Every structure is written in structure tokens, then in C-alpha cells.
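Colleague:
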Amino acid sequence: MIVELRHQALSLLGEPDPQRKQDGARALLRDWQAGAVPLDPQATPQTDAPLPGRPAQPRLVEHLAVRSRSPHTPEGRAALLHAIAHIEFNAINLALDAVQRFAGLPPAFYADWLQVAAEEALHFELLCEHLGTLGHRYGDFDAHDGLWAMCERTAHGFRARMALVPRTLEARGLDATPPLQRKLAASGDHRAVEILGVILRDEVGHVAIGNRWYRWACEREGVDPETDFPALCAQYQAPRPRKPLNLGARALAGFTAEELAALESTAL
């Protein structure tokens, strides 16, 4: 039996096994691109499985309880890469949730977020492979749940989701990646630098998707993005960006000069 797209996305979102989740996300994109998956934008997928599905490890703790490690030791480097892998695993879930959760949208919306889910799955795979060369695997270190917490807060607001997950939380990765690359290069881990380069390239596109659909939602609802965005940040207590901002990457991802100036004025 051929299962409708958004039902498949929900099933993958509830999948606890990381390997099956990443493989399934990439396979779903391939099937969609081949025209083998029907879409019903008005479908109401439901599940009794806990969401998101995740393995028993890593243990989830408060953000401040996750220890900071130096990338200049193998153990510290593994902990740092594990933290990034956890972000990418959560990002698979975020993309799948966007597909299954929001009804009545154009097919291009679902295609965009399937693409994001598949690319996040690739990032997770690359990081897990590299963790293996350091004698570790996903689940070996504690992690926090900040990304998914914002996903839950914006579960009933499409415009807020687009504003505060891809173009706020994920956009922070555009800023954080170049300094991380420099630290990893100084430690001699050139493979990690390469992997972060792949992630940075793709994340520009993911943030651009968030920008595009946020502006689409603003236009549909007759809202001014320049006043709406800071209001949403305040309402949902979104974290402020941290300097230095990667202005070039953010511009490529669709932030306007006015938006970049506003972000710089509020950055920590």
C-alpha cells in the first residue's frame, strides 16, 4: 500500500532508531522526487508514538549542564562533534515535523522540508562516521533539547515556526560554524573542518527556506515582517544572536540589509 507523504513523515518523526530515521528521510525524498508518494495537504496524520522518536541515549539534560570541552584533545573534540551531531539529529526531526504538522500549504513547502530533512540526515551521518574514528558514537555524551523545545512552543503557529526555528535558531549555526572550523583546524582535525563546510553550505539553503516561507506567511496574513519578527522573538523568548554574525552567509540566506542591521543591534 502506498502511504501518503505527510503520514510517512509522521512515521519517520516517531522512529527512535537514528539509522532508520536518517535512511528513511533520504529515501522519502527520493520517492517524492520520483513521483512515487502522493500528497494530501489536508491530511490529518496521527500517531500514538512519543514525538520525536529518539534513542535511549544520549541523556538529555539542561543546557547549562552540558559541559564545554576543548577541541584540542581527542575527547574534547569528540564531545564537540557529538553536540553538533545532536543538533543535526534534532534538525531531521524539525524538518519532518514541518512536513507532517502544517496542513493546506503548497506542494513546494513540503518539497522544501523533505529536502532539508534529507540533507540534515546526511550531516548526521557524516558526523557519526567521524565520531567513530575518534572512538565514540552518538549517545556517548549528554545533550540538551533546546531546538525541539522551540519546535513544541511553535507547534500551533506556522508563521512563528518559520520565524523562530530556521531563521533564528538554525541561523545561529551560520554564525557559529566559521569559529568552530578555525578551532578544529588548529587542533589538526581537517576532516571535521570539511564536514562543517558541507553543513554550512547546506544550512544557508535551509535558512533561506525558512526566510522564504516566513515572508510567504506574512504576506498571506497581512503582517509586516519588520515589526512581526521582533514581536515573535519576544513572545516566544527566542535567544538573541551572538556576535560575530556571519553577515555574508545570512545575506545569502535571504536576510535583508535592514534585517541584518537590526540583528547586529540586538546581538550579544
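Residue numbers (the numbering used here): 283 to 550. Backbone N, C-alpha and C define an ideal beta-carbon position, used for all residues, glycine too. Source: prediction; values computed, not measured.
Among 492, 418, 518, 302, whose alpha-carbon lies nearest the alpha-carbon of residue 452?
Modeller: It is 492 whose Cα lies nearest to the Cα of residue 452.
Colleague: Could you check how far apart the C-beta atoms of residue 374 and residue 304 are, in whole angstroms? I think they sit under 8 Å.
Modeller: Their Cβ separation, rounded to whole angstroms, is 7 Å, which keeps residue 374 and residue 304 in contact under 8 Å.
Colleague: Thinking just about the alpha-carbon of each residue, which of 478, 540, 439, 468 is nearest to the one in residue 499?
Modeller: If we check each option's Cα against that of residue 499, 439 comes out closest.
Colleague: Does the beta-carbon of residue 472 have 16 or more other beta-carbons within 10 angstroms, so that it is buried, or is it exposed?
Modeller: Counting Cβ neighbours within 10 Å, residue 472 comes out exposed, since fewer than 16 surround it.
Colleague: What's the gap between the Cα of residue 514 and the Cα of residue 334?
Modeller: Near 24 Å, if we compare the C-alpha coordinates of residue 334 and residue 514.
Colleague: Would you mind stating whether residue 536 and residue 494 have Cβ atoms separated by less than 8 Å?
Modeller: Cβ atoms of residue 536 and residue 494: closer than 8 Å.
Colleague: With distances taken Cα to Cα, identify the nearest neighbour of residue 367 among 401, 528, 327, 507.
Modeller: For the residues 401, 528, 327, 507, the minimum Cα distance to residue 367 belongs to 401.
Colleague: Rounding to the nearest angstrom, what Cα-Cα distance links residue 469 and residue 369 in this structure?
Modeller: Their backbone Cα atoms lie some 22 Å apart in a straight line.
Colleague: Expressed to the nearest angstrom, what Euclidean distance is found between the alpha-carbon atoms of residue 532 and residue 391?
Modeller: One C-alpha to the other measures close to 21 Å.
Colleague: Cα separation between residue 293 and residue 360?
Modeller: Taking the straight line from one Cα to the other gives about 31 Å.
Colleague: Output yes or no for whether 8 Å exceeds the beta carbon distance between residue 466 and residue 409.
Modeller: No.
Colleague: May I have a chain-ordered list of the alpha helix (DSSP H) segments no shorter than 4 residues that lie completely inside the stretch 309-394?
Modeller: Qualifying alpha helix (DSSP H) stretches, in chain order: 356-383.
Colleague: Please list the terminal residues of the continuous alpha helix (DSSP H) segment that includes residue 297.
Modeller: Looking at the DSSP string, residue 297 is not in any alpha helix (DSSP H), and its letter there is neither H nor E.
Colleague: When we look at the beta-carbon of residue 548 and count the other beta-carbons within 10 Å, is it buried (16 or more) or exposed?
Modeller: Classification for residue 548: exposed.
Colleague: Roughly how many angstroms separate the alpha carbons of residue 286 and residue 383, rounded to a whole number?
Modeller: Residue 286 and residue 383: Cα-Cα distance of roughly 14 Å.
Colleague: Give a yes or no on whether the C-beta atoms belonging to residue 321 and residue 396 are separated by under 8 Å.
Modeller: Contact: no.
Colleague: Which word fits residue 479, buried or exposed, when buried means at least 16 other C-beta atoms lie within 10 angstroms of its C-beta?
Modeller: That one is exposed.
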